[in-house]
Structures are given as structure tokens and as C-alpha cells.
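Chains as they are written, first to last, in the numbering used here: chain A, 98 to 452; chain B, 5 to 512.
Think of the CB as a built atom: it goes at the ideal place given N, C-alpha and C, for glycine as much as any other residue.
Source: prediction; values computed, not measured.
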Amino acid sequence: MADESESKLEPPAPGSLASARRPAGSGPTQTPPPGDRPLHQRLGSGLAHHARQFGTLGGLVVLGLVLWILTPHFLTVSNLLNIAQQTSINAIIAVGLTFVIISAGIDLSVGSLVAFSGVVMASLLQRDVPLPLALAAGLLTGLVCGLINGVLITLGRLPPFIATLGMMSVARGGALLYTDGRPISGFGEGFRWLATGEVLFVPVPVILTGVVYVIAHFVLRRTPFGRYVFAIGGNEEAALLSGVRVRLHKTMVYGVCGLLSALAGVVLTARLNSAQPIAGINYELDAIAATVIGGTSLMGGQGSVVGTLIGALIMGVLRNGLNLLGVSSFVQQLVIGAVIILAVLLDTAFKRRKP
Amino acid sequence: MGYLHLRSSPVSSVLPVLALRGIRKAYPGVVALDGVDLDLCAGEVHVLLGENGAGKSTLMKIISGAVARDAGEIRIDGAPVELADPRQAQALGIGIIYQEFNLVPQLSAAENIFLGREPLRLPGVIDQRRLLRDAQRQLDELGVAIDARAIVSRLSVAEQQMVEVAKALSLHARVLIMDEPTSALTAQEITELFAAIRRLRERGVAIVYISHRMEELFAIGDRVTVLRDGRHVGTRRIQETDMAELVRLMVGRELKDQFPKQRAAVGDEVLRVERLRRDGVLHDISFALRRGEVVGLAGLMGSGRTELARALFGADAIDGGRVFVHGAERRIGSPRAAIDLGLGFLTEDRKQQGLVLVLSVRENICLPSVGRWSRAGLVQTGRETDATARRIAELRIKTPGPEQRVGHLSGGNQQKVVLGKWLCTDADILIFDEPTRGIDVGAKVEIYQLINQLAARGAAILMISSELPEILGLSDRILVMHAGRIAGEFSAAEATQEKLLAAALGRN
Ligand SMILES: Nc1ncnc2c1ncn2[C@@H]1O[C@H](COP(=O)(O)OP(=O)(O)OP(=O)(O)O)[C@@H](O)[C@H]1O
Ligand SMILES: [Mg+2]
């Protein structure tokens, strides 16, 4: 310590307590308690919070309008339900990835888990295992694989990219080995209802997706676990030192992602009436795209499932619209890639404007 | 060194290098700057003073092109300029050293100094020899003994800072801004930094110096400008002012007692550490904390104070020794376990360890408590908002509201948020590592009073600080660490700066 410079400090005047409160108005801007804040301010901060989603939603609406003008068939109830149904699988996987990406991780194994859990469940169904048990086994497969990802990342200290890249190959290999590379097809009506059934004219996969989103949104925003996911993604060290069980919650995040991949596998199997060991290839790319278009930051700590849902719908609407317009699948690939880049470019530009 | 070095510059009579007129900047909910004027002259060290959130950093970011102003004029050598981005400001000779360094740790000092402007031998091929020679010359001119080939991550914090200075100077900076450069430096390093600053001043560089350490401005400053709530409230020559006047300008009132120590009744032992050991870092540490006690932990940087705190808090593993909490022996294996036992740990580095910058004030303050407060698995948002509002009022955190992103608060207000976090946990064994780093003089006193209150409520506080006056002014008992050991223990009555220093240097 520089005693010279320290001694420059004035000695404390004995017995005189500095007054803790300063005269009103001379201090820094006083913040009234939130309840007292005028409504427009409260609304304002709420709106600002969701500004990003409004942007993406705007993109979706514009896209819809353009398609509506180009092809009137686009805006029919049956087509919209069709889109919703086609989007559901990607949308469900993307929820899991949203959790993972908010926690500043990545999961490349989701597509393989779709296939692996699908064939495990299908094989049980074919052996006349009761539907609920087979379903549970399928979901459990995804959950366990996801938890293994989590353990490799937390206890094994592998980078998420590496751990899930490995799992991507292992689970794919497992699915192929288990089925000897052959699809398992033909299930009972009860199971197929999961894809073909309707409740009040709404297809079951759409309802399932809706339920997943409501729960996921609630978990992220209203439970301590959700808070921890954001905190871990935002600053893992600070989260740890604040008492967050980082390893536990991170492992859970990958478990959730695996579980939702398995759920997507169930829906896909029901829809195709067949479980394919090669199903779900490249699904991770679509899910990451939906998440990123929806404004979740790959840096972690920021994002929402509402954004992801809009992102998934943008991808679904785009595919559907391009199909209706008779655009070749080669061109489709190109357009979708361009849209992903454009969305993130706009997002980055938007963020840079207000640092 | 001393305070009576010669000041040669007849500052105000010459044309300022940089003149600011009516600078204004508003963020949603905050007016950060409200019509600020400032003149900077060649060869002066101009200190910028103000409470946390007064707008100092924002003003400097405007000068360095990192933030766009809403209104106002910037003139360089009398000619109005636009400063649209940092590159442009650099080209005009404005260099800034942020508190968070902008070096690439894996590269050498030389590579960092010329990053993006490497001298080329052929197109696309770096002229290594010239790179090294020029970088070494920059460092030598600063008068620091740093090898330009050294990898930055292996340099000390102070040396890294010197590399930053050399980088700024290699851009031929005529204006050099330093935002709280000393907050992570040791006294020796501060002396070296000041020597370098003086050499720069002699070369005619205009230096803006921001610090909350009031004693420093008398050591290094020529003039001082005070900001309050985004407004310019006065500029003085250092010789013509004193601490009392500056404090009054800053906080708008007299500040009578800098260390308002109140002794609390000392009660039961709450923490006992016996022969704690972490190989290579901590050796044979034994001490105890009682209710109502404030124990200062002094020592030089690197003496193991933070390491001790981390080991106690379960953040680092220990290799031996016993820890008793409330009389029972405990193995504290994780921060969560520590918090559940009633410990709290305010970390010294708020950006790396203290805060999740992308989350809100509320989410940060409630992070250690959110699990405990939840009901039926749900976050109690109402309770969080109430607790946050209480902390904002109690600590005078300057924020538009509890939902503001912590990354948007000023440095000192971020520190208050870290403090607020531990006030919510009802912890009764509090470890404060540099609790007032980056905090303004007025708020420091408030934090000291808060420490008093916590002690009066029966908490035991272990306060790590590098500011000896703070340790001396606030502690009931003082432990001094040297090279990973407790090198001395003093009662408040017997402790003096000299004794503490001697123990910290291992001389007893
Ligand atoms: N990016 C931002 N978004 C919103 N508000 C901001 C942002 N940057 C700064 N502010 C606000 O502007 C005000 C001035 O901040 P500034 O960082 O300039 O303070 P300061 O004088 O440097 O304080 P300190 O001594 O604590 O570092 C503060 O109220 C701060 O919360
Ligand atoms: Mg600042």
C-alpha cells in the first residue's frame, strides 16, 4: 500500500456520523417502487422486453401476406392447419434447443435421438407392449441419452459441441444396429391417432406442440430452474458463486432436450406409420435455425420459446409457401438459408443500434 | 514520489486540444449526460469526478466514438468533428483504456500493440522484426520493463495496463482516457502507472483520469471536473481546491465522517477455521469469526486473501484442515452448500464472477434466493420485486427500475447490485472481497454504515480490502495475509498502517 497516498485521506472527524439521507432531489434519480410507476412506463418496459418478438412476428406476418397475394390457397384453414402440423416436429425439437442454447450450449444429437427413440418405441409396439409403456420407453430413451450428454458436458467437461456430436453418431449407430437398418412399420389405430387424430378439428400434434410450448414458457419464466438456465448461459461463474447448482441444472437442460427430441420422434413415427432408423437427419439444423431466427442468442443468457415458436412457424410457412408456388426443393434450400442469414443479420443490426 | 512535483502547465490559457460543448445523452429512463462542457489541454491530467452513475464513463465513450451523443458539439483543435466510431476517434488521436482490458490474452504484447495495424514486409506477410522493434520502443518510451515478446496472459494486471497504454500511444494518441485504471493495481503498480502518466504529460498528451480514489487525484491531477447527475457542476485547479469542496460538489452535501465505525456487541463464534490448507495456495490458516464482528483481511495482491474466501465458500477445493460453522464441523463442497449454511460471498470481480450482465437487476439480486423463495415450484415474482425495490432504495442503486439490465448500469451501481444480492439471503457469515471497489465516496460511507448495521444485527463479516484506511477504519480485528499464510493478527486498537504493511510484506 502506498502509505504516502493513503495518508492524504483526511482523518475521520470523531463522533460525526455522515448523514445517510441526503436532501430530497439532490441525490441520483429516485426510482419509485414499481407499483407506483405510471402505467405507460410499466407497459413500456414490458414492450421493450418483447420488442424482438414483435420484430420476428412482423416478419412472419409479412411473409404470410406475400404468400397470400402470390397464392390464394395459402390462407385457407386447411392449409394453415397443414402448416401447423408440419411445423410441429421441428417446433417441439426447437424448444429443447432453446433451453440448451439459452444455457450457452448446443445439441447436435437431436435428430439422431428422434430416430433412436422412435425405433425403440416402435419395436416395443410391434411386440404388443401396451401403448403407454412403449411411449414411456421411447421418451425415456431420449431423456437418458440427453442426460448422458449433460453428464459428459458437466462431469466429463467436454465442450457441448463435442459431446453431442459424439452422441449424434452413437445414437444413429444405435438406431441402425437395433433395427438392422430396416424401418419398423405398421401400428394400431390408437398409436396413429397421435398424428392423425383431431380434437375439436385441431390435429393432435398441434395440440401437443401447444402444450409443450405453454409448459416450456412457464418453466423458463416462472420456475427457479428456468431462471438458472438464463443465469448459467449469461455467466456460469457468477451463477455458480450465487449458489446455482450449475452441473445439475445443465445436465437437466440436456435431459429436457433429449426428452423433447424423443417426443418429436413419437409424433414422427405416428405420422409416417413407420419408425425409420435414418429419420431425423439434419433436424438439428432446422431446430437451431428456428431458435436463432426467434432471437435466442448463441452466446447464451437470452432468448424465449415464444420467439422460437415464431421462428419455427417462419420456417414452416416458407417451406409450405414455396411448395405451393411449385418452387423446386433445390431453390427452397437456397431460400431458407438466405432467410436464416437475413434474420440474424437484422437482429444483429438491431442490437448494435442500442448497445 | 510525492505530491509536490512541479506542475508546469499554465493550462487554461492555451487552446484546448479537445473541447466539448453541451453534450447530451439519454438512455431509456435515464438522462446520462445533460449539457456537459469540458476543455482538455495538452499536457494536463484532467481528473473526472462524480458519483456512481454521474455519467463519467458515458462521456468518455462519447469522446472515444463508442457511444453516439444525442446533442452537443465536439471540437478538436477548435474544429468541430464527428466521432461516429472508435476508428475515427483513434485516427483523430483519441485513445481510451477501458477498465475491462481489450487485449487478446494469447498474443504477445507486441502483437497486441499493433493488432490490426501490423507492419508488413510483403502484402499479407507481417514484418516480425519491425513489429517487435516498434513495440519494444513504445514500451521503453513508457519507461516500463516489459518484453514485447511476452504473452499477455502471463503479464500482471499492471503490465497489461501498460501494454494498453503503449497501444494507445502507438496510435499517436494526443488525448488518452483512463477509466478507473488503478482499481485492480497494487500500490507499487500505481506508482509505476503514475510515473508513466507524468512522462506522457511531459510529452504533451492530454490525459483524462477517472477514479473514485480521492487521494489519487491530488497525486496526479492538474485540474478536476465534477459531474453530478449528468451535469457539469464545476472545474477546479487541483491546487485551488480540497477534498471537502470536491466531495460537496460531487454529492451535494458535506461528508463528515469517512469511516463511521460503530461497534456491535460481539457474540458467539459462528465460524472457526483450523489449519486450512490448499496446496500451493493456502497454508495452515486458522482463525475464528464471532457475531457482530467485522474482521479485516489485509494483505498484498496475490497473498491468498481471495483464495481463502473462495475455499471457505466452497468454490475451490481444500486439501486439509477443518471448518466449523455455528459450532458444527462442516465440509463445504459447493457455493450452494455454503449459502445454505448462511455464508455469503461478495466477489471482487463483478463482471466475471458477480453478475449475469444480460439479466435484470431483479434477476441478479434474487439469484441466490430464488430457489428458497419459490412456492410450489414457482418463482414468486411479487416477492422478488419487493425485495429488489428495497435493495434499490437501501443501496441507492441508480437504475430506471428493477427490470433494467445490469449490464446497462454504471460500474459502481453494478457493485451495489452484487452487494444487494447478499442482503437478500439472510446470510450471517459474510465475506466481502473489496466491497467498495469502484464505489464513489458518498456511497462508500453508506456501505460502511450498512456493514455496521449487518454487524449490529448479529452477522459476522470478513472484509478483504486493499485500502488500508478502510480496513483500519472499519475492523474490530485485523488479519494480515502473506504468501498464503496468516502473517499477523491485530486488534483495532493496536493496528497501524505501518504494522499492517510490515506484516503484509512478511517482515515480522
Ligand atoms: N447502455 C446503457 N443503457 C442504459 N443506461 C445506461 C447505459 N450506459 C449507461 N447508462 C446509464 O447512464 C448513467 C451514467 O452511467 P455512467 O456509466 O456514465 O456512470 P459513471 O459516472 O461512469 O459511474 P461509475 O462511477 O459508477 O462508473 C447511469 O445511470 C447508467 O445506468
Ligand atoms: Mg464508470
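Asked: So, residue 358/A versus residue 214/A, is the Cβ gap smaller than 8 Å?; Found: yes
Asked: Between which two residues does the beta strand (DSSP E) carrying residue 380/A extend?; Found: Counting along the chain, residue 380/A falls outside any beta strand (DSSP E), though it belongs to the alpha helix (DSSP H) covering 380-390.
Asked: Does the beta-carbon distance from residue 200/A to residue 347/A come in below 8 Å?; Found: yes
Asked: Do you know whose CA, among 228/B, 262/B, 269/B, 235/B, lies nearest residue 250/B's CA?; Found: 228/B
Asked: Quick one: give me the first and last residue of the alpha helix (DSSP H) that residue 207/B is part of.; Found: Taken as a continuous stretch (DSSP letters only), residue 207/B belongs to no alpha helix (DSSP H), as it is neither H nor E.
Asked: Excluding sequence positions up to five away, which residues of its chain have a Cβ less than 7 Å from the Cβ of residue 271/A?; Found: 213
Asked: Contact between the stretch 380-394 of chain A and the stretch 284-298 of chain A is defined here as three or more beta-carbon pairs at a separation below 8 Å; is this criterion met?; Found: no
Asked: Determine the contact status of residue 401/B and residue 395/B, defining contact as a CB-CB distance below 8 Å.; Found: yes
Asked: So which of 325/A, 367/A, 275/A, 284/A has the shortest CA-CA distance to residue 373/B?; Found: 325/A
Asked: Got a sec: is the Cβ-Cβ distance from residue 348/A to anything in chain B below 8 Å?; Found: no
Asked: Using the DSSP secondary-structure output, state which residues sit across from residue 434/B in a beta bridge.; Found: 348/B, 465/B
Asked: Please report whether the beta-carbon of residue 374/B lies at a distance below 8 Å from any beta-carbon of chain A.; Found: yes
Asked: Can the beta-carbon of residue 335/B be found closer than 8 Å to that of residue 328/B?; Found: no
Asked: I want to see whether chain A comes within less than 8 Å of residue 498/B, judged by CB atoms only; does it?; Found: no
Asked: Do residue 52/B and residue 179/B have their C-beta atoms within less than 8 Å of each other?; Found: no
Asked: Of the residues 148/B, 355/B, 177/B, 47/B, which one's Cα is nearest the Cα of residue 166/B?; Found: 148/B
Asked: Hey, does residue 469/B have any beta-carbon neighbour from chain A nearer than 8 Å?; Found: no
Asked: Can the beta-carbon of residue 422/B be found less than 8 Å from the beta-carbon of residue 331/A?; Found: no
Asked: Buried or exposed: which applies to residue 391/A, given that a residue is buried once 16 or more other Cβ atoms fall within 10 Å of its Cβ?; Found: buried
Asked: So residue 234/A and residue 221/A are supposed to be a Cβ contact under 8 Å. How far apart are they, rounded?; Found: 6 Å
Asked: Reducing DSSP to helix, strand and coil, say where residue 439/B ends up.; Found: coil
Asked: Tell me the rounded alpha-carbon separation between residue 144/A and residue 127/B.; Found: Because the pLDDT at residue 144/A is just 46, under 50, the model does not fix this residue reliably, and the value given afterwards should be weighed accordingly. For residue 144/A and residue 127/B, the distance between alpha carbons rounds to 51 Å.
Asked: Report yes if the C-beta of residue 470/B is less than 7 Å from at least one heavy atom of ligand 2; otherwise report no.; Found: no
Asked: Between the stretch 318-331 of chain A and chain B, which residues of the former have CB atoms less than 7 Å from a CB of the latter, in chain order?; Found: 319, 320, 321, 324, 327, 328, 331
Asked: Is the closest heavy atom of ligand 2 to the C-beta of residue 60/B under 7 Å?; Found: yes
Asked: Residues of chain B with CB under 7 Å from residue 197/A, in chain order?; Found: The contacting residues do not exist; residue 197/A stays about 17 Å from chain B at best.
Asked: Let me know the secondary structure DSSP gives residue 106/A once reduced to three states.; Found: Low per-residue confidence applies at residue 106/A: pLDDT is 33, beneath 50, and the placement is therefore not dependable, though the value from the model is reported in the following sentence. The answer is coil: DSSP assigns residue 106/A none of H, G, I, E or B.
Asked: Output needed in chain order: residues of the stretch 362-395 of chain A with a Cβ under 9 Å from some Cβ in chain B.; Found: 394
Asked: Against chain A, with Cβ distances strictly below 8 Å, would residue 109/B count as a contact?; Found: no
Asked: For a test of your reading of the model: does the CB of residue 358/B fall under 7 Å from any non-hydrogen atom of ligand 2? Yes or no.; Found: no
Asked: If the criterion is Cβ atoms closer than 8 Å, does the pair residue 208/A and residue 378/A meet it?; Found: yes
Asked: So what does DSSP say about residue 133/B, is it helix, strand or coil?; Found: helix
Asked: Please list, in chain order, the chain A residues whose beta carbon lies closer than 8 Å to that of residue 378/B.; Found: 320, 321
Asked: Tell me, please, whether the CB atom of residue 398/A is closer than 8 Å to any CB atom in chain B?; Found: yes
Asked: Does the CB of residue 337/A have a neighbour CB from chain B at under 8 Å?; Found: yes
Asked: In this structure, does DSSP put residue 23/B in helix, strand or coil?; Found: strand
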